[in-house]
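Chemist: Be aware that the sequence shown starts at 13, since it is given in our numbering, and climbs by one per residue.
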Amino acid sequence: MRLIADIGGTHARFGLADTQGMISGIRKWKTADHGNFQDVARAYLSDTGIREVASVAVAIAGPVREGAGRLVNGSWHVDTQMLRGLTDGGAVRLLNDLQAAALGIRHCVPAALDADRLPDHERPVLTIGVGTGIGGCLLVPAQPGGQLAVPTEIGHGLIATGGLLETDVPFSAEALLSGTGLPQLCRIAGFRTGTGTTPEIVDFLSQATPPALRLGQLYAHLFARFAATSALTTGATGGVVIVGGLAKRLFPLLPTATLVSAFHLPGPMQDWLKHVSISQITDDEVALKGLAGMPI
């Protein structure tokens, strides 16, 4: 049995995976309610009655370097030494959460945002996670028949706001489009009442009033610019797949036609982008499925 965990800035999900990659015993905690990873992991194993696991695979919403990672939007720290303490000599793996999600998208059902065009996994596919923060991972076909998940920090790159926001201040995609950034976007764009927190903003958009529709148009334009630039930068000819808890709640409230049309940036690469599909996966377990199915 493998212990798997997807550690995000808002929620931490734990589960168990068998040798066939089947997942059981999924539980979810709010990350901010607990001080560290070890205590929650041991509490989970105790609650499920598991004394020993054969291997451990953990994904964390932050960069992973030299066997250690820390939440960008949180205080948890995880390293491979911690993971070895949960298994009796078994293999351990620590990776970025978008790497796990990218590995999991082939085990989920995507919904096409642009007609019926879905990801082409014979080509590089970019997974963009929209949650507390924003991140991305490029899934590249590898020989023989494998996949290479290349983590990126596209969410911290600068986003083009010209013509959409009256500001000369440079902002990253995460600073405007993530769960932590949405209130700032509303302040800069002049939306005041009922937009102080991200839950309030989602509720505001759901009302479909003229101001809410304007905000939806603005977000769709900005996100499309970000996604198109990220696809061009990473060479994601196989498509862009959007995942994440905020995206699950937010994207049904956005004008899809605006997002798709704005994705086709004008310029010499417009025809290139027309062949790149855009789709969404709303399965909360996409990262756990990636962890369950990966070889360690």
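Virtual Cβ for every residue (Gly too), placed ideally from N, Cα, C.
For Leu9, which of Met13, Ile19 and Asp18 has the nearest alpha-carbon?
Modeler: Residue 9 lies beyond the range of the chain shown here (13 to 308); nothing can be said about it.
Chemist: Taking the DSSP output, what are the residues bridged to Cys149?
Modeler: As a first step, residue 149 must be located in the sequence shown, where it is residue number 137. DSSP output for Cys149 lists Thr139 and Pro163 as bridge partner(s).
Chemist: Since Leu197 and Gly148 are thought to touch, with beta carbons under 8 Å apart, how far apart are those beta carbons, to the nearest angstrom?
Modeler: Translated into the one-based positions of the sequence shown, residue 197 becomes position 185. Translated into the one-based positions of the sequence shown, residue 148 becomes position 136. About 19 Å separates the two Cβ atoms, so there is no contact after all.
Chemist: Which of the three DSSP states, helix, strand or coil, is assigned to Arg237?
Modeler: As a working note, residue 237 is residue 225 in the sequence shown. Arg237 falls in the helix class under three-state DSSP.
Chemist: Report all residues from its chain with a CB closer than 6 Å to the CB of Thr294; omit the five preceding and five following residues, and keep chain order.
Modeler: Taking the sequence shown and counting its residues from 1, the one referred to as residue 294 is at position 282. Cβ contact annotation for Thr294 (same chain, cutoff 6 Å, sequence separation greater than five): Lys260, in chain order.
Chemist: May I ask which residues mark the beginning and end of the alpha helix (DSSP H) holding Ile12?
Modeler: Only positions 13 to 308 of the chain appear in this structure, which leaves residue 12 out of reach.
Chemist: Helix or strand or just coil, what does DSSP make of Leu83?
Modeler: Indexing the sequence shown from 1 puts residue 83 at position 71. Note: Leu83 maps to coil in three-state DSSP.
Chemist: What is the DSSP secondary structure of Gly175, counted as helix, strand or coil?
Modeler: Looking up residue 175 in the sequence shown gives position 163. DSSP places Gly175 in coil when its eight states are reduced to three.
Chemist: Around the C-beta of Thr22, are 16 or more other C-beta atoms found within 10 angstroms, so that it is buried, or is it exposed?
Modeler: Your numbering for residue 22 matches position 10 in the sequence shown. By the neighbour-count rule (16 or more Cβ atoms within 10 Å), Thr22 is buried.
Chemist: Using the DSSP secondary-structure output, state which residues sit across from Gln292 in a beta bridge.
Modeler: Within the sequence shown, residue 292 is the residue found at index 280, counting from 1. Beta-bridge pairing links Gln292 to Ala123 and Ile254.
Chemist: Look at Met16 and Ala55 and say whether their C-beta atoms are less than 8 Å apart.
Modeler: Your numbering for residue 16 matches position 4 in the sequence shown. Your numbering for residue 55 matches position 43 in the sequence shown. The question names Met, but residue 16 is Ile in the sequence shown. At least 8 Å separates the beta-carbon of Ile16 from that of Ala55.
Chemist: Taking DSSP as the reference, what is the three-state secondary structure of Ala187?
Modeler: Here residue 187 refers to the residue found at position 175 when the sequence shown is read from its first residue. Note: Ala187 maps to helix in three-state DSSP.
Chemist: Mind checking which residues open and close the beta strand (DSSP E) that includes Phe26?
Modeler: Locating residue 26 in the sequence shown gives position 14, where the first residue counts as 1. From DSSP, the beta strand (DSSP E) with Phe26 extends over His23 to Ala29.
Chemist: For Thr192, tell me which candidate among Gly167, Val253 and Leu177 has the shortest Cα-Cα distance.
Modeler: Numbered from its first residue, the sequence shown carries residue 192 at position 180. Nearest option by C-alpha distance: Gly167.
Chemist: Any heavy atom of the ligand HEM within a distance shorter than 7 Å of the CB on Arg199?
Modeler: The ligand HEM is absent from the structure shown, which contains no ligand whatsoever.
Chemist: DSSP three-state call for Arg204: helix, strand or coil?
Modeler: Residue numbering aside, residue 204 sits at position 192 when the sequence shown is read from its first letter. Reduced to three states, the DSSP call for Arg204 is coil.
Chemist: Determine the contact status of Leu300 and Arg25, defining contact as a CB-CB distance below 8 Å.
Modeler: In the sequence shown, residue 300 corresponds to position 288, counting from 1. In the sequence shown, residue 25 corresponds to position 13, counting from 1. Yes. Within cutoff.
Chemist: Where does Leu277 fall in DSSP's three states?
Modeler: Locating residue 277 in the sequence shown gives position 265, where the first residue counts as 1. Looking at Leu277 - three-state DSSP - the assignment turns out to be coil, as it is neither helix nor strand.
Chemist: Throw me the rounded Cβ distance for the Pro131 and Gly251 pair, which I believe falls under 8 Å.
Modeler: Taking the sequence shown and counting its residues from 1, the one referred to as residue 131 is at position 119. Taking the sequence shown and counting its residues from 1, the one referred to as residue 251 is at position 239. So it is a contact: roughly 4 Å between Cβ atoms.
Chemist: Would the beta-carbon of Ala44 fall within 8 Å of that of Gly86?
Modeler: Working through the sequence shown from its first residue, we reach residue 44 at position 32. Working through the sequence shown from its first residue, we reach residue 86 at position 74. In terms of Cβ geometry, Ala44 and Gly86 form a close pair [threshold 8 Å].
Chemist: Based on Cα-Cα distance, which residue from Phe216, Arg135, Leu98 and Gly206 lies nearest to Gly158?
Modeler: Your numbering for residue 158 matches position 146 in the sequence shown. Nearest C-alpha to Gly158: Arg135.
Chemist: Hey, out of Pro278, Ala236 and Thr245, whose CA is closest to Asp126's CA?
Modeler: As a position in the sequence shown, residue 126 is number 114, starting the count at 1. With distances taken between Cα atoms, Asp126 lies closest to Ala236.
Chemist: Report yes if the C-beta distance between Val2 and Leu150 is below 8 Å; otherwise report no.
Modeler: With the chain represented from 13 up to 308, any question about residue 2 goes unanswered, as that position is not in the structure.
Chemist: Please state the DSSP three-state secondary structure of Val65.
Modeler: By one-based count along the sequence shown, residue 65 stands at place 53. Reduced to three states, the DSSP call for Val65 is strand.
Chemist: Just checking my contact of Thr210 with Leu225 at CB under 8 Å: how many whole Å lie between their CB atoms?
Modeler: Here residue 210 is taken as the residue at index 198 of the sequence shown, counted from 1. Here residue 225 is taken as the residue at index 213 of the sequence shown, counted from 1. About 19 Å separates the two Cβ atoms, so there is no contact after all.
Chemist: Tell me, please, which residues DSSP counts as bridged to Arg54.
Modeler: Start at 1 with the first residue of the sequence shown, and residue 54 comes out as number 42. Bridge partners of Arg54: none, in fact.
Chemist: Using the Cα positions of Gly97 and Leu138, report the straight-line distance between them to the nearest angstrom.
Modeler: Taking the sequence shown and counting its residues from 1, the one referred to as residue 97 is at position 85. Taking the sequence shown and counting its residues from 1, the one referred to as residue 138 is at position 126. Each residue's alpha carbon lies about 33 Å from the other.
Chemist: DSSP beta-bridge partners for Lys42?
Modeler: Within the sequence shown, residue 42 is the residue found at index 30, counting from 1. Paired residues: His23.
Chemist: Output the boundary residues of the alpha helix (DSSP H) element that contains Arg96.
Modeler: On the sequence shown, position 84 is the one that residue 96 refers to. Here the alpha helix (DSSP H) through Arg96 covers Thr92 to Arg96.
Chemist: Around the Cβ of Thr179, are there at least 16 other Cβ atoms within 10 angstroms (buried) or fewer (exposed)?
Modeler: Your numbering for residue 179 matches position 167 in the sequence shown. In summary, Thr179 is exposed, with fewer than 16 beta-carbon neighbours lying within 10 Å of its beta-carbon over all protein chains present.
Chemist: Under 8 Å between the Cβ atoms of Ser190 and Leu265?
Modeler: Position 178 of the sequence shown, counted from the first residue, corresponds to residue 190. Position 253 of the sequence shown, counted from the first residue, corresponds to residue 265. No, they are not a contact pair.
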